[in-house]
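Read the structure below first, then the notes.
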Amino acid sequence: MKKSTLVLAAVAAISFIFALSSCATTNSSGSSGGSSQGGGQQQGEKVTIKMYDNCPTDDAGGILAQAGFKALDASYTGETSFTFVGAPDSSSIQPILKFTSSCKAIQTAMQKASGKKCTLTYNTAKDGSGIKLDLSSSTAILNTLAMMISKNATTIYGIYKY
Numbered sequence: 000m001k002k003s004t005l006v007l008a009a010v011a012a013i014s015f016i017f018a019l020s021s022c023a024t025t026n027s028s029g030s031s032g033g034s035s036q037g038g039g040q041q042q043g044e045k046v047t048i049k050m051y052d053n054c055p056t057d058d059a060g061g062i063l064a065q066a067g068f069k070a071l072d073a074s075y076t077g078e079t080s081f082t083f084v085g086a087p088d089s090s091s092i093q094p095i096l097k098f099t100s101s102c103k104a105i106q107t108a109m110q111k112a113s114g115k116k117c118t119l120t121y122n123t124a125k126d127g128s129g130i131k132l133d134l135s136s137s138t139a140i141l142n143t144l145a146m147m148i149s150k151n152a153t154t155i156y157g158i159y160k161y
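Heads up: the sequence shown runs through residues 0 to 161, numbered per numbering that gives the first Met the number 0.
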């Protein structure tokens, strides 16, 4: 890729990230707490879901996305969590929507920098070998959270593939 094309892709990616500045605060979307181990959650137990944007550090678009997020929020780490008690409800959706917006910004930056289509999926394992998660709508998020609780899955990773 020519240097000028890479510079244009970088400018476009950073512009897109700044447009999503409200989504760049992924590390502050919830409070921390304990998670339950083994056998599913009991009613009224505190559940913490940890979310990792899993931004590639060996990809020009991923590096640009991270730089943009850090420019907007110096404490950006690519990790966030939120806690709820009992069954997930509508208040559980907002932190996940912020998380998925950040992941979509990374996906867009990767596509613009490489010129290739990049797919984004969500999984309980960093390498994509865990449970595939559907975070495509509010209803899907609530169903996914309920399923995760029943399987004691407490992590969500963004998975990017060209």
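Note that beta-carbon positions come from the ideal geometry of N, C-alpha and C, so glycine has one too.
A quick note: this is a predicted structure, and the numbers were derived from the prediction, not measured.
Judged by DSSP in its simplified three-state form, residue 130 adopts coil rather than helix or strand. Judged by DSSP in its simplified three-state form, residue 56 adopts coil rather than helix or strand.
With a cutoff of 7 Å on beta-carbon distance, residue 92 and residue 140 are scored as near each other. For residue 125, the secondary structure class from DSSP, reduced to helix, strand or coil, is coil. CA-CA distance, residue 143 to residue 132, rounds to 6 Å. Nearest to residue 108 by C-alpha distance, out of 49, 45, 58, is 58.
Counting along the chain, the unbroken alpha helix (DSSP H) around residue 111 starts and ends at 92-113. Counting the other CB atoms within 10 Å of its CB gives residue 146 a total below 16, which places it among the exposed residues.
Nearest in C-alpha terms to residue 152, of all of 121, 138, 160, is 121. In this structure residue 159 is not in contact with residue 134, their Cβ atoms being roughly 14 Å apart against a cut-off of 8 Å. When C-alpha distances from residue 43 are compared across 157, 154, 148, 161, the shortest belongs to 148.
With a cutoff of 7 Å on beta-carbon distance, residue 117 and residue 161 are scored as near each other. The criterion of a C-beta distance shorter than 7 Å is satisfied by residue 46 and residue 83.
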